[in-house]
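Residue numbers (the working numbering), protein chains in the order written: chain A, 525 to 655; chain B, 193 to 335.
Structural data, given as structure tokens:
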């Protein structure tokens, strides 16, 4: 198994938290517009989330062995959610669906945060001479 | 607080405002269901809230980052439907034929409006709680 650096893992976790936060923002927007006529529900583009994860796996070009394989934060795009039945006023937001997606995002954020906090603890442990 | 999450809280807060406005308008419609005289001498006309989506953080959207879309009350309009008429010759506002023009308010419609606004208000409060959880988890990283 190839070696995975701490920096790469922390970067992936940070990326995960960014994407999840974006999902939370989009669900909150949908929920805010649950009674706005003609509003269409939006979601974070899956392709975008995936490609930014793949970019994280590939890393940036390094021309020196001492370079870190950092990469820019992938921008998140919004798409209209497909296949949702719309009401008579042209709005297709479903309260339960959005609340569920917010609860899920909150859980995923907690998971990534827990992992990242564990990583930070390890770093602190090393910095403090294993004390 | 990180900027995208703050804009999400702002969006939810704007929705709380808008839904409260809907409840207020529904309540005043119900309160005036028998008001035969308004300031202009005409029977009260049912009012309706027009909601419009409203990007809360345009700076983020300029940068192409995820930004929340809030909602605002675009206008409060009067329903121009004809007034209800009731035969009541003894009423001071009765016309020559003995009919009184009453506001065009339907109590069932107002109750449904109020219920849907109250549900949306609750949902947005829950959303703010979830976002707050996320922000405090993020702040825990600094401990």
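Glycine is no exception: its CB is placed at the ideal position from the N, C-alpha and C atoms.
**Prompt:** Using a Cβ cut-off of 9 angstroms, which residues of the segment 545 to 560 of chain A contact any Cβ in chain B, in chain order?
**Reply:** 545, 546, 547, 548, 549, 550, 551, 552, 553, 554, 555, 556, 557, 558, 559, 560
**Asked** Beta-carbon of residue 315(B) versus every beta-carbon of chain A: anything under 8 angstroms?
**Response** For the purposes of this step, residue 315(B) is identified with residue 123 of the second chain, where counting begins at 1. It does; some Cβ of chain A falls within 8 angstroms.
**Message:** Under DSSP, the alpha helix (DSSP H) around residue 267(B) begins and ends at which residues?
**Reply:** Sequence index remark: in the second chain, residue 267(B) carries index 75 (1-based). Taken as a continuous stretch (DSSP letters only), residue 267(B) belongs to no alpha helix (DSSP H), being part of the beta strand (DSSP E) at 261 to 270.
**Message:** Output needed for residue 271(B): all residues of its chain with C-beta closer than 8 angstroms, excluding positions within five of it in sequence on either side, in chain order.
**Reply:** As a first step, residue 271(B) must be located in the second chain, where it is residue number 79. If we look at residue 271(B) and ignore the five residues flanking it on each side, its Cβ neighbours are 237, 238, 239, 240, 296.
**Prompt:** Cβ atoms of residue 569(A) and residue 603(A): under 8 angstroms apart, would you say?
**Reply:** In the first chain, residue 603(A) corresponds to position 79, counting from 1. In the first chain, residue 569(A) corresponds to position 45, counting from 1. Contact: yes.
**Prompt:** Using the C-alpha atoms, what's the distance from residue 305(B) back to residue 554(A)?
**Reply:** Taking the first chain and counting its residues from 1, the one referred to as residue 554(A) is at position 30. Taking the second chain and counting its residues from 1, the one referred to as residue 305(B) is at position 113. The straight-line gap from Cα to Cα measures roughly 19 angstroms.
**Request:** Taking residue 637(A) as the query, report the chain B residues whose CB atoms sit under 9 angstroms from its CB, ordered along the chain.
**Result:** Working through the first chain from its first residue, we reach residue 637(A) at position 113. Simply 326, 329, 330, 332, 333.
**Prompt:** For residue 633(A) versus residue 541(A), is the C-beta spacing smaller than 8 angstroms?
**Reply:** On the first chain, residue 633(A) is found 109 positions in, with the first residue counted as 1. On the first chain, residue 541(A) is found 17 positions in, with the first residue counted as 1. Contact flag set, yes.
**Prompt:** Can you find a C-beta in chain B that's less than 8 angstroms from the C-beta of residue 536(A)?
**Reply:** Counted from its first residue, the first chain places residue 536(A) at position 12. No, no contact with chain B.
**Three-state secondary structure (DSSP) of residue 543(A)** = Residue numbering aside, residue 543(A) sits at position 19 when the first chain is read from its first letter. Looking at residue 543(A) - three-state DSSP - the assignment turns out to be helix.
**Request:** Report the rounded CA-to-CA distance for residue 221(B) versus residue 302(B), giving the unit in angstroms.
**Result:** Looking up residue 221(B) in the second chain gives position 29. Looking up residue 302(B) in the second chain gives position 110. Distance between the alpha carbons of residue 221(B) and residue 302(B) is about 7 angstroms.
**Item:** Distance, residue 618(A) Cα to residue 193(B) Cα
**Value:** Taking the second chain and counting its residues from 1, one reaches residue 193(B) at position 1. Taking the first chain and counting its residues from 1, one reaches residue 618(A) at position 94. The predicted position of residue 193(B) is uncertain, since its pLDDT is 49 and thus under 50; no value can be drawn from it.
**Message:** By alpha-carbon positions, which one of 298(B), 248(B), 322(B), 226(B) ends up nearest to residue 280(B)?
**Reply:** Counting from one through the second chain, the residue named residue 280(B) turns up at place 88. Nearest C-alpha to residue 280(B): 226(B).
**Residue-chain proximity (residue 649(A), chain B), Cβ-Cβ < 8 angstroms** = Along the first chain, one-based indexing puts residue 649(A) at 125. Chain B, which has no Cβ nearer than 8 angstroms to the Cβ of residue 649(A), makes this no.
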